[in-house]
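One structure is given below, encoded as structure tokens.
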Amino acid sequence: MANQKYLLVCSGESCDADKNHLLQEALQREVAASGLGATVQVVKTGCFGFCAKGPVVKILPEETLYVEVQPSDAAAIVQEHLVAGKPVARLCYDQQQSKLHAKLEDIDFYQKQVRIVLRNCGVIDPDSIDEYITRDGYVALEKVLFEMTPEDVITELRKSDLRGRGGAGFPTWRKWEFTRQVTNPEKYVMCNADEGDPGAYMDRSTLEGDPHSILEAMMIAGYTCGSSKGIIYIRAEYPLAIARLKRAIRQAKEYGLMGDQVLGTDFCFDIEIRLGAGAFVCGEETALIASTEGSRGMPRPRPPFPAVKGLWDKPTVINNVETYASIPVIIMKGGDWYARIGTETSKGTKVFALTGKVKNSGLIEVPMGTTLREIVFGIGGGIIGGKTFKAVQTGGPSGGLIPEEYLDTPIDYENLSKLGSIVGSGGMIVMDEDDCVLDVTKFYLDFSVDESCGKCAPCRIGGKTLLTLLDRISKGTGTEDDLAHMKQLSVAMQRASLCGLGQTTPNPVLSIIRHFEDELNNHIQDRHCPAGKCTALVRFEIDPEACIGCTVCARRCPVNCIAGDRKLPHVIDQERCVKCGACLEACKFNAVIKS
Amino acid sequence: MSEERSQVAGSAGDEKLTPELVAFVEEWKPQPGNVIMVLHQVQEHFGYIPRSVAFEVAERLDVPVAKVYGVITFYHFFRMVRPGRHSIAVCMGTACYLKGGQDLINELEMLLGCSNGSVTDDGEFGIEAVRCIGCCGLAPVLTVDGEVFGNLTADDLPGILAQYRGK
Numbered sequence: 001m002a003n004q005k006y007l008l009v010c011s012g013e014s015c016d017a018d019k020n021h022l023l024q025e026a027l028q029r030e031v032a033a034s035g036l037g038a039t040v041q042v043v044k045t046g047c048f049g050f051c052a053k054g055p056v057v058k059i060l061p062e063e064t065l066y067v068e069v070q071p072s073d074a075a076a077i078v079q080e081h082l083v084a085g086k087p088v089a090r091l092c093y094d095q096q097q098s099k100l101h102a103k104l105e106d107i108d109f110y111q112k113q114v115r116i117v118l119r120n121c122g123v124i125d126p127d128s129i130d131e132y133i134t135r136d137g138y139v140a141l142e143k144v145l146f147e148m149t150p151e152d153v154i155t156e157l158r159k160s161d162l163r164g165r166g167g168a169g170f171p172t173w174r175k176w177e178f179t180r181q182v183t184n185p186e187k188y189v190m191c192n193a194d195e196g197d198p199g200a201y202m203d204r205s206t207l208e209g210d211p212h213s214i215l216e217a218m219m220i221a222g223y224t225c226g227s228s229k230g231i232i233y234i235r236a237e238y239p240l241a242i243a244r245l246k247r248a249i250r251q252a253k254e255y256g257l258m259g260d261q262v263l264g265t266d267f268c269f270d271i272e273i274r275l276g277a278g279a280f281v282c283g284e285e286t287a288l289i290a291s292t293e294g295s296r297g298m299p300r301p302r303p304p305f306p307a308v309k310g311l312w313d314k315p316t317v318i319n320n321v322e323t324y325a326s327i328p329v330i331i332m333k334g335g336d337w338y339a340r341i342g343t344e345t346s347k348g349t350k351v352f353a354l355t356g357k358v359k360n361s362g363l364i365e366v367p368m369g370t371t372l373r374e375i376v377f378g379i380g381g382g383i384i385g386g387k388t389f390k391a392v393q394t395g396g397p398s399g400g401l402i403p404e405e406y407l408d409t410p411i412d413y414e415n416l417s418k419l420g421s422i423v424g425s426g427g428m429i430v431m432d433e434d435d436c437v438l439d440v441t442k443f444y445l446d447f448s449v450d451e452s453c454g455k456c457a458p459c460r461i462g463g464k465t466l467l468t469l470l471d472r473i474s475k476g477t478g479t480e481d482d483l484a485h486m487k488q489l490s491v492a493m494q495r496a497s498l499c500g501l502g503q504t505t506p507n508p509v510l511s512i513i514r515h516f517e518d519e520l521n522n523h524i525q526d527r528h529c530p531a532g533k534c535t536a537l538v539r540f541e542i543d544p545e546a547c548i549g550c551t552v553c554a555r556r557c558p559v560n561c562i563a564g565d566r567k568l569p570h571v572i573d574q575e576r577c578v579k580c581g582a583c584l585e586a587c588k589f590n591a592v593i594k595s
Numbered sequence: 596m597s598e599e600r601s602q603v604a605g606s607a608g609d610e611k612l613t614p615e616l617v618a619f620v621e622e623w624k625p626q627p628g629n630v631i632m633v634l635h636q637v638q639e640h641f642g643y644i645p646r647s648v649a650f651e652v653a654e655r656l657d658v659p660v661a662k663v664y665g666v667i668t669f670y671h672f673f674r675m676v677r678p679g680r681h682s683i684a685v686c687m688g689t690a691c692y693l694k695g696g697q698d699l700i701n702e703l704e705m706l707l708g709c710s711n712g713s714v715t716d717d718g719e720f721g722i723e724a725v726r727c728i729g730c731c732g733l734a735p736v737l738t739v740d741g742e743v744f745g746n747l748t749a750d751d752l753p754g755i756l757a758q759y760r761g762k
């Protein structure tokens, strides 16, 4: 049918939150009611990435994108767009308030993106293996099994120069080669889907939008390294991703693409799912192995590396979700093709979860070497509410804050490391003038201290001490010596901690000492928090000249600490004030002053 | 009331593995590394891991109780206290934190009169601050019984609670 149309409805967790199944049903009803059922198909797909504007609906083949669609808009889409052939202007993304962008390719959010990992997200129905196959799914596996030796696969990966996307950036081909070289009849292929970085959801969207790509890549790893058993270690907090993976495994087995004698060859491969239980440290590969073995997820010293002694002491290759998702494309298009994307030392693309105080938050995939400015101000559309940009944070609790002056840095592993941050798993959080760097760093330290497994002293004690020092500064009782002490502790933690968690815990602290010294000094010397976030340093007062005695603030105060008679100036009892700011918001006469 | 309270606190101590759970345990018993998978199934059934059941699991799997206890307390996901009839999980990932996740917790504590990490006296609601739930585009976010509510302000909370109260 030449004139067939598709209505793609995002079913990612963020959009589903907006009750998208109702939208899908409404669209189906409208399509049926208007007699278009034979030529128009409503399809549920994975995440489109444009989460800030969800629920999102895309119409193919014209690639029209509708944003913030409600079930009640279904009739308009079907009647105006499909029947009358005119896009529904009010549902198009309004980029500059002046002109409407109906087409996906015209929208700045998508323009600078290159989608390799997310190639199928928002395009196919994640529950349908047929749709995956139509988009060249399992072609790479077939090519590997019938045309390539394990050495060929390694050569191709080596050419591509793909580096681990979990954060550390270790060359993937070397991991595979190490595991391949060890002689052992029993080896394991593991997928690290324990995405614990707060503020990041790249792996979740990939697993929910394109589960088969992970299975395919794990089987390629199995063939290459000589393993017949795969294990996906996934967070229990991702029930939708787990359900879709389970279904995908079942379908692949039914199609003879997994299990005994894959595609009629001698290669056998089976994949099992193991659930994580909410421990950030389990993203560390030796801790992940301990957890898969059913124990407390504590890391152990390396070497021996998992390639030699991993799960159940057998050789094990562990890669992250995003790394796996890139592999089928590298096999199909060649390592040389992949290596043409990116920078000298970091090839290919990287997925980032762009969030925080940015207009277009969502999931994006850009070539390595894209600048931070292009991401925050180009794709992200700048800061919400016309506020001033302060910093962008990459790498989550293991990364650092990057200020305005370095925004033109092209992103790659080496460049971000020079700035005191890391690429990390892909969290990218934008902060504005209202955010206090000290407050945010305390947030990360608090997280890392809570997640420290407690096995080694540098991490267990060092992290806690750093947090205490930060807390002191945020309360206005810090000294300049504290800064020197923090630096010293940080270096000790970086050198002496057992695993990546402890080694990177001080990164946020070091980055603010380096890039935001002025703001720290404000806290230390002036006892002042410029962003007004550190409550101990904030003071709310009522200007007796401006106060007309309307009593609104007194009634709004949650601790009843504002006194004053009607029509007379009010006073805040500073001893009892909890600094919630309710009075500031309530006052219509600008009589409440925050200092 | 006192009986109800002890129910809420989960100290009744008479919960037992159901026949289905026993079958699940037996299925996993021969497989190495089974403790976490079994505990997940137990928590899915009870909503938490009752003390009596933890002992039973240890016995059936033939592992020391200390190991089971060690695993339960190591991982954030497992809890040993009975949750409220409706579980409110407020996301405290970075994006939600920056956009006012803490304000939501403060407001909920005021509205429900119980602190973060505990359950209301009538057992209706439990509040919990949780790690990133991966809906950062909708920050700040909370879930009630798994259903996601995004782009929230403190003013939205009474309406959300009303949807669940008494159901």
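Protein sequences, first through last, are from chains A and B.
Note that the first sequence covers residues 1 to 595 in the working numbering.
Note that the second sequence covers residues 596 to 762 in the working numbering.
Ideal placement from N, C-alpha and C gives every residue a C-beta, glycine not left out.
Remember, predicted model here, so these are calculated numbers, not experimental data.
Nearest-angstrom Cβ-Cβ length linking residue i and residue j, presumed shorter than 8 Å
i	j	result
L8(A)	G137(A)	About 17 Å; that fails the 8 Å criterion.
E480(A)	I524(A)	6 Å
L245(A)	L207(A)	6 Å
A307(A)	E216(A)	About 22 Å separates the two Cβ atoms, so there is no contact after all.
F672(B)	A236(A)	5 Å
V449(A)	L470(A)	So it is not a contact: roughly 11 Å between Cβ atoms.
Unbroken alpha helix (DSSP H) run spanning residue i, endpoints
i	result
Q574(A)	It is not in any alpha helix (DSSP H) - Q574(A) carries neither H nor E in the DSSP assignment.
V666(B)	V660 to F669
E216(A)	P211 to C225
L401(A)	Careful: L401(A) lies outside any alpha helix (DSSP H), inside the beta strand (DSSP E) at G400 to P403.
Y406(A)	Per DSSP, Y406(A) belongs to no alpha helix (DSSP H) and is neither H nor E.
Y444(A)	V437 to E451
Chain A residues whose Cβ lies nearer than 7 Å to that of residue i
i	result
A734(B)	T355
A690(B)	G199, T355, G356 and I429
Y670(B)	A277, G278 and A279
G708(B)	Simply none; closest approach about 13 Å.
V652(B)	Ordered by position in chain A, no residue passes the 7 Å Cβ test against V652(B), which lies about 12 Å from the chain.
Range covered by the beta strand (DSSP E) that runs through residue i
i	result
H681(B)	H681 to C686
C583(A)	It is not in any beta strand (DSSP E) - C583(A) instead sits in the alpha helix (DSSP H) that spans A582 to A586.
A287(A)	No beta strand (DSSP E) contains A287(A), which is instead part of the alpha helix (DSSP H) from E285 to T292.
N415(A)	Premise fails: N415(A) lies in the alpha helix (DSSP H), Y413 to K418, not in any beta strand (DSSP E).
M431(A)	G427 to D432
Beta-carbon proximity check, residue i vs residue j, cutoff 7 Å
i	j	result
I461(A)	I327(A)	no
A690(B)	T441(A)	no
V69(A)	P55(A)	yes
C282(A)	G294(A)	no
L747(B)	E702(B)	no
E322(A)	R495(A)	no
A52(A)	G386(A)	no
R274(A)	Y223(A)	no
S346(A)	M368(A)	yes
Y338(A)	H212(A)	no
M687(B)	G679(B)	no
G708(B)	V714(B)	no
G169(A)	Y324(A)	no
C561(A)	C583(A)	no
Listed by chain order, chain B residues near residue i by CB distance under 8 Å
i	result
C51(A)	C730, C731, G732 and L733
A236(A)	H635 and F672
F443(A)	T689 and Y692
D210(A)	Under the 8 Å cutoff, chain B gives no residues; its nearest Cβ is about 16 Å from D210(A).
Chain A contact residues for residue i, given Cβ-Cβ distances below 8 Å
i	result
P627(B)	E293, G294 and W312
G754(B)	Those within 8 Å of G754(B) in chain A number zero; the least Cβ separation is about 15 Å.
Chain C contact for residue i (CB, 7 Å cutoff)
i	result
G362(A)	The chain labelled as chain C is not found among the protein chains of the depicted structure, namely A and B.
Chain A residues whose Cβ lies nearer than 9 Å to that of residue i
i	result
F673(B)	A277 and G278
I683(B)	Residues of chain A passing the Cβ test: none, with the nearest at roughly 15 Å.
G665(B)	S295 and R296
Per-residue contacts from residue i into chain B (C-beta, under 9 Å)
i	result
D435(A)	L693
Checklist line | Sequence ranges, beta strand (DSSP E) only - wholly within the region 476-546 of chain A, length at least 3 | finding: With a minimum length of 3 residues, the continuous beta strand (DSSP E) runs that stay inside the region 476-546 of chain A are 540-542.
Checklist line | Complete beta strand (DSSP E) runs within the region 279-363 of chain A (minimum length 3 residues, chain order) | finding: Counting only runs of 3 or more, we get 316-320 and 349-356.
Check: Can you list, in chain order, the stretches of the alpha helix (DSSP H) that have 4 or more residues and sit fully within the region 52-123 of chain A?
Finding: With a minimum length of 4 residues, the continuous alpha helix (DSSP H) runs that stay inside the region 52-123 of chain A are 108-111.
Notebook entry, point to check: Can you give, in chain order, each stretch of the alpha helix (DSSP H) that sits fully within the region 691-743 of chain B and has at least 4 residues?
Noted result: 696-707
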